[in-house]
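Student:
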Amino acid sequence: MENETEIHNADKTCWNCPAADFKGNVDFRSCGQSKEELRKAVEENPDYEVVIECKRRPELAQFEPTITFEQCPQWKKGKFGYTLKDMRVMILGIDGYLGWPLALKLAKLGFQVSGVDNYTRRDAVMEKGSHTIVPIPRMTERLHAAKEVHGVNINFRRLDIRDRDKLSEFIDEVKPEAIVHYGEIPSAPYSMVDAEHALKVQDNNTLGTLGLLFAMKDLVPETSMVKLGCYDDETEILTEDGWKLYKDLDGEDKVATRSKEDREVVFKKPDSIHEYDYEGDMYYQKNTRLDLCVTPNHRMFTQKRSNRSYKELRLESVEEVEGERRVYDTGFEWNGNEEEFFPLPPVDSSEDDLDIPMELWLRFLGWYLSEGSIRQRKDRPNNYRVSIKQNKDSPKIEELEDILLSLADLLGKDMRKREDGDCYLFTIGSKRLADYLGRFGKAAEKFIPKKLKQLDSDLLNKLLFSLISGDGWKHRPEGDRDNFRYFSISKQLADDVQEIALKCGYGAIVSDSESKEGYQVSICQTPRVHVNHGEDKTDGYTGYDGKVYSVNVGDGEGIVFVRRNGKPVWSGNTMGEYGSPLTGRPLFEGMFPADATLEWDEREWSMGGELTPRNPPSFYHVGKVQDTYNVYEACKYWWLRSYDIMQGVIYGVHTEEVAADLRLRTRFDVDEWFGTVINRFVAQAVQGIPLTIYGEGGQTRGFIGLEDAMQCMVRLISSPPEPGQYDVVNQISAVYRVRDLAETVARVANEAFDLDVTIQRLENPRVEADLHPFEAVSRKLQGEFDFHPTVKLEEEIYRMLDLLTEEEMKKRIEEKKHVITPRTRWNGEKGKMDVLEEYEPGEKKFNINLKQRLDSIDSAGNEMGEIAGDGEKAREEEEVSEEYETN
Amino acid sequence: MKLTDKNFSAEVQESEGPALVMFWGSWCPVCKRMQPLLEDMEEEFLQQGVKVGQVNIDQNPHTASRYKIKGTPTFYLFKGGEPVDMSVGAQTEKQLQNLLERNLNGEL
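Going down the list, the protein sequences come from chains D and A.
So the first sequence is numbered by our numbering: it starts at -5 and just counts up by one.
So the second sequence is numbered by our numbering: it starts at 93 and just counts up by one.
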């Protein structure tokens, strides 16, 4: 079915790939709100382009996200299109009817599968007095069998997805590249039992999903800044020797500290350093310029802001600042050493130091660290040259020349200037200078000597601006504030530049460079960071289990950088939430297509992209509708990516992987709450219960076989949405009426298994139309994902009957026959339904034809586009309304 | 037609004939729904001498910024390389046809 040119995801690019890490000002504007900042950045920089880094291929550095799956060596061609090599997929609800077969299928295909479950399904089925007809072993045994039979390892963790801390921890650990959300209670009747069950279903499903969305949002990459006391293990502290992780502190390190009243910072040896294990909530405060994570007993050092003035800095408890608008002061005042001269050491120790005015030396050193190099001619070992190269257009060229002339003069050497392409190359041939500068190494190793970092802020300012003249730039040249960026490929130099910028009284953060390999220091004049400024809160609590650290230096403080990571989601939904609109309007894939128009009052509008109305037929389905909106909004707000998969009713027992061993079978429920209709009919046929159809049995639904549903999932996982994209896919392969299904099951059972199966019409326990028009649109699976159904209804029914007529299975059905017949009524009453009629298959002629069809692109050839049972071509069926009346 | 920062000036700005351009984003469900409609209309409009193109605003920030796109989908009608009219939000085929007619009266 597939050939070289038509693989469904061959043309997808890095935009779709979960390994792409967008760099720079990429801004997926929800609702199209254009950010002024981005617009300006783009306007000012004609070379601006969107670049990414690939988490799987770091050697590519930064590049345009245009590599197609077909071109990328990380994507391998396989049975279901291109799949990402070792793609990490997490399945929520991995123990369920669908979760388990999907886990096996993915693992067998080479995906790295992880999963969570809290056995809600096992418990709920047991609570209702039923059990799975096909026995399934405990999870540990399942995992063991998967390893033994298929040679795959599945990383399982038992947890409730509503336990957000544990879920976040697992997500953070696994770093999934796709999440399949099957962790919901999938039962309409179960949600209609009573208030307790309705609440349980909506609590688990709706709140679980909402929490998941937040967990995903919080694990999205962000870089920023932190401060104060009892920190997590990713926190670094500023010492006299630069930044260090808390765990790397030794007793000799002097750490930066300040008092409450005074912004002046001093370096002090801590009185003590504490490290201890902590499990519980950590308070975090996080925005683009601030990132801190502390234990809740921590005191926060903040200011209030009111009426345009800053109140005094105070130490407050976490409780006091939580959710409140505060200002964190991340800068400090620095009274360093005033030095008049820099003593440049001699090459030969018998000579004296050469005193160079400190200001001149710092201005020179700034240029050297940014742009300079040392050359030594091989043929003349005593010929050392210190060179600085600068573009001819640079406005700073004269300033640089002045500095170098003065320095050369002091050294008693000449300064030479020659053209080198677009640049001038300045050289001073001094062995003494070259010898000293040799300690700074190559570009990636450069640093600022500790002694110079101890100078006072006036001198440090000279050094800072000389550095910026070389490798820095003014962030928004037209702005009235002085905000600068400094770039270096040396981590140490970037950290040092940040340190001196802070000591000069600026705010400064270090991050990975947005545009090239290296580090960027962002320097701004105001070191104050506002939090919880508008409606959106930037703080909260998060779970933590690990070491925490504190240092005791009076009112000590430290400054740190943290970064976190996150991923996309897929969620399993149900077509049931659409309901069955009596107008017969098609069940679109979630949203109206663009050519759907609203006409009113002689005007017209396009309905394109608007969510279609839902008619949820139970409290379970109401919860699913809420899920839909939650996922939709989360994609809009946070650029999560999601396919909402509206599954039809799934039937069957077979996938290639579960059939490989008895211990790998997936569960098979036939009770009135968790059994799906075809599966229940098969169990009733085996047990000798007349197949139960409700009311007229004219309910029409979309269906899909288990193996086909799993095939679809693999295709969808391998073809991820683009950033922020929320999309809906109707996952069905055929449309059937319930009474036709009953006829088919009865026929196969009677003919192939020699059973004597009849059909009974019961009064309908549900509040629904049991005769209604139906038209489902399912174009994407075939169109975009190249899905072709392989499961034939009658074959799968045969396969189910074959398995369930085995002695052990028959016994297990017999044991639970009392839960097969429905008792849960939507009106709240309990008890058996009245039997309206019982008949033999084939005996009853149905002459009511409501318009029913499956609208898919591929209408010829296979099952798609056809209604089973009557065997008529759906598209040719006649009008609806009158015949509905006659019944 | 897929328009990008690279080909926008050649295909639209330096082009004499009229062009209808949709600015869209992958996170915009309305845009995703408009795409097939626009692709369907492309040939029909071309017969009337009107080019139809689409610009992904995240992938082509320069073009998006030049026309100050504030909402999606935004439809711009260009004539002689200059924008002459615009419309924001989902459009029916008839509305797009009207957009052309009221600006290109007699030229179609």
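All C-beta atoms in this analysis are idealised placements derived from N, C-alpha and C, irrespective of residue type, glycine included.
Is there a C-beta anywhere in chain A that falls below 7 Å from the one on D/Gln620?
Tutor: False, the Cβ-Cβ gap to chain A never drops below 7 Å.
Student: Is D/Asn301 helix, strand or coil by DSSP?
Tutor: Here D/Asn301 scores only 46 on pLDDT, less than 50, and its place in the model should not be relied on; the value that follows carries that caveat. It is coil, neither helix nor strand.
Student: Around the Cβ of D/Gly90, are there at least 16 other Cβ atoms within 10 angstroms (buried) or fewer (exposed)?
Tutor: Classification of D/Gly90: buried, given that the 10 Å Cβ count is 16 or more.
Student: Please classify D/Val545: does DSSP put it in a helix, a strand, or coil?
Tutor: Bear in mind that a pLDDT of 47 at D/Val545, under 50, signals an unreliable position, so the number given afterwards is only what the model happens to contain. Three-state DSSP puts D/Val545 in a strand.
Student: The alpha helix (DSSP H) spanning D/Ser185 covers which residue range?
Tutor: Segment 182 to 185, the alpha helix (DSSP H) holding D/Ser185.
Student: So is D/Ser712 in contact with chain A if we call contact Cβ pairs under 7 Å?
Tutor: Cβ-Cβ to chain A under 7 Å: no for D/Ser712.
Student: Three or more C-beta pairs closer than 8 Å, one from the region 150 to 165 of chain D and one from the region 658 to 670 of chain D: is that the case here?
Tutor: Segments in contact, no.
Student: Going by DSSP, what residue range makes up the beta strand (DSSP E) through D/Asn724?
Tutor: Segment 720 to 725, the beta strand (DSSP E) holding D/Asn724.
Student: So with CB distances below 9 Å, who are the chain D contacts of A/Gln129?
Tutor: According to the sequence displayed, residue 129 of chain A carries Leu and not Gln. What A/Leu129 touches in chain D: Pro587, Ala588, Asp589, Ser600, Gly602.
Student: Would you kindly report the start and end of the unbroken beta strand (DSSP E) that includes A/Asp177?
Tutor: First-last of the beta strand (DSSP E) with A/Asp177: 174 to 180.
Student: Do you know offhand how far A/Pro153's Cα is from A/Thr96's?
Tutor: Distance between the alpha carbons of A/Pro153 and A/Thr96 is about 9 Å.
Student: Helix, strand or coil for D/Ile503, going by three-state DSSP, please let me know.
Tutor: In the structure shown, D/Ile503 sits in a strand (DSSP, three-state: E or B).
Student: Return the CA-CA distance between D/Glu413 and D/Ile382, expressed in angstroms with no decimal places.
Tutor: The straight-line gap from Cα to Cα measures roughly 12 Å.
Student: Beta carbon of D/Lys456, beta carbon of D/Glu353: below 7 Å?
Tutor: Yes, they are a contact pair.
Student: Does DSSP put A/Cys120 in a helix, in a strand, or in coil?
Tutor: Three-state DSSP puts A/Cys120 in coil, outside helix and strand.
Student: Given a cut-off of 7 Å on the beta-carbon distance, is the pair D/Val128 and D/Ala654 in contact?
Tutor: Taking 7 Å as the Cβ cut-off, D/Val128 and D/Ala654 do not qualify as a contacting pair.
Student: How many angstroms separate the CA atom of D/Val83 from the CA atom of A/Lys162?
Tutor: Going from the Cα of D/Val83 to the Cα of A/Lys162 covers about 36 Å.
Student: Hey, is A/Pro121's beta-carbon within less than 7 Å of any beta-carbon in chain D?
Tutor: Yes, its Cβ sits closer than 7 Å to a Cβ of chain D.
Student: In chain order, which beta strand (DSSP E) runs of at least 3 residues are fully inside the region 48 to 127 of chain D?
Tutor: The qualifying runs are 69 to 72, 75 to 78, 82 to 86, 106 to 111.
Student: Say whether the region 103 to 111 of chain D touches the region 730 to 750 of chain D, bearing in mind that this needs 3 or more beta-carbon pairs closer than 8 Å, one atom from each stretch.
Tutor: At 8 Å Cβ cutoff, the stretches do not touch.
Student: Verify the CB distance criterion: does A/Ser118 have a CB-CB separation below 7 Å to chain D?
Tutor: Chain D contact via Cβ: present.
Student: Looking only at its chain, what residues have a beta carbon closer than 8 Å to the beta carbon of D/Glu135, apart from the 5 residues adjacent to it on each side?
Tutor: These residues qualify, in order along the chain: Arg657.
Student: Under 7 Å between C-beta atoms, does D/Val36 make it to chain A?
Tutor: D/Val36 counts as touching chain A.
Student: Quick one, are the C-beta atoms of D/Val504 and D/Tyr480 less than 7 Å apart?
Tutor: No; because the gap between Cβ atoms is not below 7 Å, this pair is not in contact.
Student: Is the beta carbon of D/Asp668 less than 7 Å from the beta carbon of D/Val195?
Tutor: For the record, residue 668 of chain D in the displayed sequence is Phe; it is not Asp. Not in contact: D/Phe668 and D/Val195 (Cβ atoms no closer than 7 Å).
Student: Check D/Lys411 in the structure and name its three-state DSSP category.
Tutor: Residue state, collapsed to three classes: strand.
Student: Using a 10 Å radius around the Cβ and a threshold of 16 neighbouring Cβ atoms, would you call D/Asp41 buried or exposed?
Tutor: By the 10 Å Cβ count, D/Asp41 comes out exposed.
Student: Helix, strand or coil for D/Arg151, going by three-state DSSP, please let me know.
Tutor: Reduced to three states, the DSSP call for D/Arg151 is strand.
Student: Between D/Val44 and A/Gln151, which are expected to be in contact by the criterion C-beta below 8 Å, what is the C-beta distance as a whole number of angstroms?
Tutor: Sure, about 6 Å apart at Cβ, within 8 Å.
Student: Which same chain residues, not among the five before or five after D/Ser460, have their C-beta less than 6 Å away from its C-beta?
Tutor: These residues qualify, in order along the chain: Arg357, Gly360, Trp361.
Student: My assumption, with CB atoms under 8 Å, is that D/Val187 sits in contact with D/Thr818. Please give the rounded CB distance.
Tutor: With a Cβ gap of about 6 Å, D/Val187 and D/Thr818 count as contacting.
Student: Establish whether the CB of A/Asn190 and some CB of chain D are separated by less than 7 Å.
Tutor: For A/Asn190, the answer is no, since every Cβ of chain D falls outside 7 Å of its Cβ.
Student: Step through the CB atoms of chain A and report whether any lies within less than 7 Å of the CB of D/Gln65.
Tutor: So no, D/Gln65 is outside the interface.
Student: Specify the secondary structure class of D/Cys706 as computed by DSSP and reduced to three states.
Tutor: If DSSP states are grouped into helix, strand and coil, D/Cys706 belongs with the helices.
Student: Answer with buried or exposed for D/Gly560, where buried requires no fewer than 16 other C-beta atoms within 10 angstroms of its C-beta.
Tutor: Unreliable positioning characterises D/Gly560 in this predicted model, as indicated by a pLDDT of 18, which lies under 50. A coordinate reading is not provided.
Student: With a CB to CB cut of under 6 Å and the five nearest residues on each side skipped, what residues in its chain are close to D/Met409?
Tutor: Counting only Cβ-Cβ distances below 6 Å, and skipping sequence neighbours, we find Leu398, Leu399, Ala402, Ile422.
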